[in-house]
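So the sequences go chain by chain: D and U. Okay, so the first sequence: first residue is 1 according to full-length UniProt numbering, each after it adds one. Okay, so the second sequence: first residue is 1 according to full-length UniProt numbering, each after it adds one. C-beta: ideal position from N, C-alpha, C; glycine also. These figures come from a predicted structure and were not determined experimentally. Reading through the structure tokens given below for one structure.
Protein chains: 2
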Amino acid sequence: MTDRKRVVIVGAGFGGISAAKKLAGKEVDVVLIDRRNHHLFQPLLYQVATADLSPAEIAWPIRSIFSSYANVSVFMGEVTGLDLAGRRVIAGDRDLGFDYLVIATGAVTSYFGNDHWAKVAPGLKNITEATDIRKRLLLAFEQAENSEDPEERRRLLNFIVVGGGPTGVEMAGAIAELAKQALSHDFRRIDPRDARIILAEGGPRLLAAFPEDLSDYTQKSLENIGVEVRTNHQVSDITALGAQIGDEFIPSANVIWGAGVRVDHLGDWTGHETDRGGRMMVNADLSIPGHDDVFVIGDAAHVPWRDGLTVPGIAPAAKQQGKYVGARILDHMAGRKTKPFAYRHAGNLATIGRHRAVIDFNGFKLRGWLAWWFWGLAHIYFLIGLRAPALVMVQWVWSYLFRKKGARLITGQMPGETADPVTPPVN
Amino acid sequence: MTDRKRVVIVGAGFGGISAAKKLAGKEVDVVLIDRRNHHLFQPLLYQVATADLSPAEIAWPIRSIFSSYANVSVFMGEVTGLDLAGRRVIAGDRDLGFDYLVIATGAVTSYFGNDHWAKVAPGLKNITEATDIRKRLLLAFEQAENSEDPEERRRLLNFIVVGGGPTGVEMAGAIAELAKQALSHDFRRIDPRDARIILAEGGPRLLAAFPEDLSDYTQKSLENIGVEVRTNHQVSDITALGAQIGDEFIPSANVIWGAGVRVDHLGDWTGHETDRGGRMMVNADLSIPGHDDVFVIGDAAHVPWRDGLTVPGIAPAAKQQGKYVGARILDHMAGRKTKPFAYRHAGNLATIGRHRAVIDFNGFKLRGWLAWWFWGLAHIYFLIGLRAPALVMVQWVWSYLFRKKGARLITGQMPGETADPVTPPVN
């Protein structure tokens with residue numbers, strides 16, 4: 001047993017989980033590290049932020065995914081550095097030696113140099129941020145209901161979403177439906193339908209990765225459910241009072257950031273080349289130059305694709321890369337050759353509110369409610385891969401289709417409450 | 001419309017909701033105040049703490065309960081004082097005049113003069129505390145898996161529950177099942193089945209309100225699923241390192257407090273008499289002496305019952321009182337007489353782990369799995385009263401009966417993470 005190789009995988013997103021699954025049950029020891037205890041189905045995270053789903057409906061304990069594979073161990077901890085020469089991963093005061101390393105650390109929200117905006121315009125990358133946004137959105141309506149000041153009420157009911165990519169489109173649509181439908185009868189002094197939802201995009205159109213007619217359709221659909229779409233509008237400042245959008249300052253208590261991501265740390269940790277977004281340059285087999293046993297996958301990797309583009313930072317791409325690298329490691333141990341990684345692009349899809357979507361499957365385009373159903377089925381298909389029991393899946397569909405009241409809970413510390421959290425006694 | 005009376009109800013627990021429901025749709029204005037936006041089904045809160053249920057499965061937005069009753073408005077805010085002479089409720093910088101006042105503020109965790117224990121031994125009264133306990137419980141296993149120090153591992157896997165009432169019994173049973181069953185195959189370096197769960201009770205037996213044979217059965221059942229029960233053991237100190245139980249100091253990273261409650265503020269706010277636990281003394285119609293238009297119900301009220309006892313602080317009692325007071329107010333407005341409040345005690349019940357319970361229905365005793373099913377049906381019956389759609393109820397039963405992996409999420413700030421929460425910009 002002592003000559004078994006050890007694969008360390010950093011990050012339990014789609015890429016890391018997928019690599020670990022490929023290696024589960026094989027003659028190799030796998031250590032999967034993540035700073036959280038759960039894998040997150042990130043494509044549905046915006047629905048936690050808009051109170052449609054509960055965190056537990058889109059997140060699973062990493063341990064439970066691998067509980068039946070004795071060769072996979074899970075380590076909850078934060079990686080603080082890499083020692084490629086010494087072949088070890090540094091996680092706080094613990095070192096983990098590796099024979100193969102898979103870096104699948106993903107991306108973080110980027111404010112393009114304006115990191116101070118993070119305090120007033122949260123991004124949407126993990127459950128804590130999602131429940132925090134949920135709290136802010138719901139509190140805004142509560143505070144508006146209580147406010148005697150008409151100007152302050154208006155500010156509280158202005159919601160600004162920055163960024164016209166899928167995240168921004170999905171957030172804006174879901175906030176509009178929350179305000180105009182789900183909450184519409186719940187207040188007595190305000191009418192939640194008076195809420196303004198503003199979606200600001202610096203470029204000329206929404207969903208720039210989609211064909212132009214789908215961008216147009218998306219904009220019209222959003223406008224139909226009450227979103228004000230402002231393309232060609234740069235956001236140049238965000239404060240606790242609102243945001244400067246083009247040449248107008250719009251008062252708002254809720255600015256949500258969906259405009260960009262970057263990769264942290266990897267350049268520093270490895271001393272290797274990254275692109276402008278911090279993504280690592282990789283070889284054709286996703287290893288990094290000079291290290292045929294160190295791989296980078298998912299959002300953290302700069303992988304050339306077609307037409308001068310790179311492989312997009314979406315779940316299917318990360319999963320393909322994870323699976324490929326798992327197989328590559330098995331081949332390497334067996335002395336077999338592996339073909340270079342080839343990305344198969346299934347397509348792009350985005351939802352617009354609860355019953356519409358746009359889909360572009362390599363030229364096959366679909367929009368409207370049929371696209372929404374397709375989107376739903378595609379997500380169920382992915383979810384099946386994560387949690388085997390059909391029962392659970394049915395429950396998820398059920399809850400998504402039929403639950404009206406949703407997860408509209410304001411939890412955590414309340415405004416004005418003394419900060420006195422019970423913290424775990426960490427050794 | 002201007003001569004309509006206004007009823008202010010403080011607190012949206014079982015008592016407050018029940019009073020508001022009685023008055024919903026009647027010729028009266030109702031303002032329901034709570035500092036949270038949700039009503040909580042508290043009897044199942046321990047299952048959130050032990051990762052069996054998600055918060056949204058046992059909590060509902062107060063607004064959504066009353067959305068179809070235009071005469072009920074909900075105000076999310078914290079009451080900071082009462083002015084009985086001026087007939088107004090003070091909530092921060094807002095005043096609310098009332099014609100009738102219903103105080104249903106419930107109870108808070110009491111540490112019997114040792115309030116500094118709160119930091120290391122959280123109670124279980126709201127969702128934030130429950131998810132916090134969940135985080136601590138799950139982190140203890142993660143930290144034990146990572147620890148190289150056998151003594152520290154043992155400390156991390158010692159769980160101490162203080163108090164042998166229903167809360168303590170239910171928590172201890174659920175933690176035992178979490179450790180010995182749900183998590184049993186998820187770790188590689190520790191065996192969660194090695195966890196010790198210690199239930200400490202100062203009195204001679206568990207569930208003191210139940211007949212003695214059911215207390216004995218409860219103790220034996222808990223011991224069968226791996227709980228160490230220590231009756232006649234006072235807890236005299238709790239620190240971040242463990243608890244002094246009788247003459248032994250047991251190292252532990254997880255002490256959970258289920259030993260007592262008290263009522264805050266009411267004596268000070270009203271200048272009226274309370275009992276030792278801070279509960280207000282009330283008249284036969286639950287009004288307070290000298291104010292026939294001010295009522296106190298639920299855990300906040302000291303209501304004489306039989307054999308020198310007071311009405312117990314349980315959900316059915318609070319609901320009966322809320323309904324009674326709603327009717328009493330309608331009678332008062334109409335100039336009708338109302339009979340004194342008479343508590344109908346349905347019985348006591350408590351669960352022991354996932355498949356056993358004890359029930360005492362005024363002498364009709366039941367225990368074991370049949371009692372558990374009865375417990376389940378009783379809770380479903382109560383839940384139906386809260387959320388009408390049968391679909392939702394079916395989903396709840398489904399998820400409770402069939403979901404294995406549960407809600408084992410560690411959310412919020414991680415140990416070692418910088419405290420930099422995004423806080424809502426409160427005006």
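Have a look at the DSSP bridge pairing and note the partners of residue i.
{"i": "Phe295 (chain D)", "result": "D:Val102 and D:Ser287"}
{"i": "Gly368 (chain U)", "result": "U:Ala357"}
{"i": "Phe159 (chain D)", "result": "D:Ile197 and D:Asn254"}
{"i": "His39 (chain D)", "result": "D:Trp60"}
{"i": "Gln244 (chain U)", "result": "U:Asp237 and U:Phe249"}
{"i": "residue 428 (chain U)", "result": "A question about residue 428 (chain U) goes unanswered here, because the residues of chain U that appear run from 1 up to 427."}
{"i": "Thr167 (chain U)", "result": "BP columns for Thr167 (chain U) are empty, so no partner."}
{"i": "Arg230 (chain U)", "result": "U:Ala200"}
{"i": "Ser73 (chain U)", "result": "U:Val31"}
Determine the burial state of residue i: buried for a count of at least 16 other Cβ atoms within 10 Å of its Cβ, exposed for fewer.
{"i": "Phe295 (chain D)", "result": "buried"}
{"i": "Ser68 (chain U)", "result": "exposed"}
{"i": "Trp372 (chain D)", "result": "buried"}
{"i": "His38 (chain D)", "result": "buried"}
{"i": "Leu32 (chain U)", "result": "buried"}
{"i": "Leu370 (chain D)", "result": "exposed"}
{"i": "Ala350 (chain D)", "result": "buried"}
{"i": "Lys337 (chain D)", "result": "exposed"}
{"i": "Asn224 (chain U)", "result": "exposed"}
{"i": "Asn146 (chain D)", "result": "buried"}
{"i": "Asn254 (chain D)", "result": "buried"}
{"i": "Ala107 (chain U)", "result": "buried"}
{"i": "Lys404 (chain D)", "result": "Only weak support is given to the placement of Lys404 (chain D): the predicted model assigns it a pLDDT of 47, under 50, and the question is left unresolved by the model."}
{"i": "Thr149 (chain D)", "result": "According to the sequence as given, residue 149 (chain D) is Asp; it is not Thr. Looking at its Cβ environment, which holds fewer than 16 other Cβ atoms inside 10 Å, Asp149 (chain D) is exposed."}
{"i": "Ala179 (chain U)", "result": "buried"}
{"i": "Ser236 (chain U)", "result": "exposed"}
Spatial neighbours of residue i within its chain, please: CB distance less than 7 Å, with the 5 preceding and 5 following residues excluded, ordered by chain position.
{"i": "Pro122 (chain U)", "result": "Glu129, Asp132, Ile133, Ile256 and Trp257"}
{"i": "Thr310 (chain U)", "result": "His302, Val303 and Pro304"}
{"i": "Leu183 (chain D)", "result": "Phe141 and Pro192"}
{"i": "Ala20 (chain U)", "result": "Ile9, Val30, Leu32, Phe66 and Val72"}
{"i": "Leu138 (chain U)", "result": "Ala51, Arg408 and Ile410"}
Could you say which of the options lies nearest to residue i if we only look at CA atoms?
{"i": "Ala85 (chain U)", "options": "U:Leu101, U:Leu139 and U:Phe75", "result": "U:Leu101"}
{"i": "Val10 (chain U)", "options": "U:Leu23, U:Val74 and U:Lys26", "result": "U:Val74"}
{"i": "residue 431 (chain U)", "options": "U:Met281, U:Ile103 and U:Ser18", "result": "Not covered by the structure: residue 431 (chain U). The range shown for chain U is 1 to 427."}
{"i": "Ile380 (chain D)", "options": "D:Glu57, D:Lys26, D:Val8 and D:Ala107", "result": "D:Glu57"}
{"i": "Val120 (chain U)", "options": "U:Ala346, U:Ser252 and U:Gly290", "result": "U:Ser252"}
{"i": "Ile190 (chain U)", "options": "U:Glu27, U:Arg153, U:Val162 and U:Ala284", "result": "U:Arg153"}
{"i": "Arg35 (chain D)", "options": "D:Ala49, D:Asn114, D:Ile127 and D:Leu23", "result": "D:Ile127"}
{"i": "Val28 (chain D)", "options": "D:Arg6, D:Asp331, D:Lys22 and D:Asp360", "result": "D:Arg6"}
{"i": "Tyr343 (chain U)", "options": "U:Gly353, U:Gly322 and U:Gly113", "result": "U:Gly322"}
{"i": "Gly13 (chain D)", "options": "D:Met171, D:Glu212 and D:Ala318", "result": "D:Ala318"}
{"i": "Arg188 (chain D)", "options": "D:Val169, D:Lys220 and D:Gln143", "result": "D:Gln143"}
{"i": "residue 468 (chain D)", "options": "D:Asp237, D:Ala176 and D:Glu248", "result": "Because chain D is modelled from 1 through 427, residue 468 (chain D) falls outside the range shown and cannot be assessed."}
{"i": "Arg230 (chain U)", "options": "U:Asp307, U:Ala327 and U:Val169", "result": "U:Val169"}
Report all residues from its chain with a CB closer than 6 Å to the CB of residue i; omit the five preceding and five following residues, and keep chain order.
{"i": "Leu391 (chain D)", "result": "In this prediction, Leu391 (chain D) has a pLDDT of 47, which is less than 50 and means its spatial position is unreliable; what the coordinates show is noted afterwards. Nothing meets the Cβ criterion."}
{"i": "Pro389 (chain D)", "result": "Per-residue confidence for Pro389 (chain D) stands at a pLDDT of 43, beneath the threshold of 50, marking its modelled position as unreliable; the derived number appears in the next sentence. Closer than 6 Å at Cβ, skipping near neighbours: no residue."}
{"i": "Asn232 (chain D)", "result": "Pro204"}
{"i": "Val8 (chain D)", "result": "Val31, Val89, Leu96, Phe98 and Leu101"}
{"i": "Asp275 (chain D)", "result": "His302"}
{"i": "Glu228 (chain U)", "result": "Ile198"}
{"i": "Gly246 (chain U)", "result": "His233"}
{"i": "His63 (chain U)", "result": "It should be noted that the sequence gives Arg, not His, for residue 63 (chain U). Once the five neighbours on either side are set aside, the close Cβ partners of Arg63 (chain U) are Val74."}
So, at 8 Å on beta carbons, what are the nonlocal neighbours of residue i in its own chain, with the 5 sequence-adjacent residues on each side left out?
{"i": "Met280 (chain D)", "result": "Ile103, Val263, Leu266, Gly267, Thr270, His272, Glu273, Thr274, Ile288, Val296, Ala300, Ala301 and His302"}
{"i": "Pro340 (chain D)", "result": "Ala284 and Asp285"}
{"i": "Ser215 (chain U)", "result": "Arg205, Leu206, Leu207 and Ala208"}
{"i": "Arg155 (chain D)", "result": "Leu241, Gly242, Pro251, Ser252 and Ala253"}
{"i": "Gly335 (chain D)", "result": "none"}
{"i": "Ala378 (chain U)", "result": "Leu349"}
Practice item. For the region 184-216 of chain U, enumerate the residues whose C-beta is nearer than 8 Å to any C-beta of chain D, in chain order. Key: Taking 8 Å as the cut-off between beta carbons, the residues of the region 184-216 of chain U near chain D are His185, Asp186, Phe187, Arg188 and Arg189, in sequence order.
Review point. Can you list, in chain order, the residues of the region 54-67 of chain U whose Cβ is nearer than 7 Å to any Cβ on chain D?
Key: With the criterion set as a beta carbon lying under 7 Å from some beta carbon of chain D, the members of the region 54-67 of chain U are Ser54, Pro55, Ala56, Ala59, Trp60, Pro61, Arg63, Ser64 and Ser67, in sequence order.
**Study point:** chain D contacts made by the region 24-40 of chain U, where a contact means CB separation under 7 Å
**Key:** Cβ contacts with chain D come from Arg35, Arg36, Asn37 and His38.
Exercise for review: Check distances from the C-beta atoms of the region 71-88 of chain D to those of chain U and list, in chain order, the residues that come in under 9 Å.
Suggested key: If the cut-off is 9 Å between Cβ atoms, the region 71-88 of chain D has Val72, Ser73, Val74, Phe75, Met76, Gly77 and Glu78 near chain U.
Check your understanding: Using a beta-carbon distance cut-off of less than 9 Å, what residues from the region 93-109 of chain U approach chain D?
Key -> Taking 9 Å as the Cβ-Cβ cut-off, the region 93-109 of chain U approaches chain D at Arg94, given in chain order.
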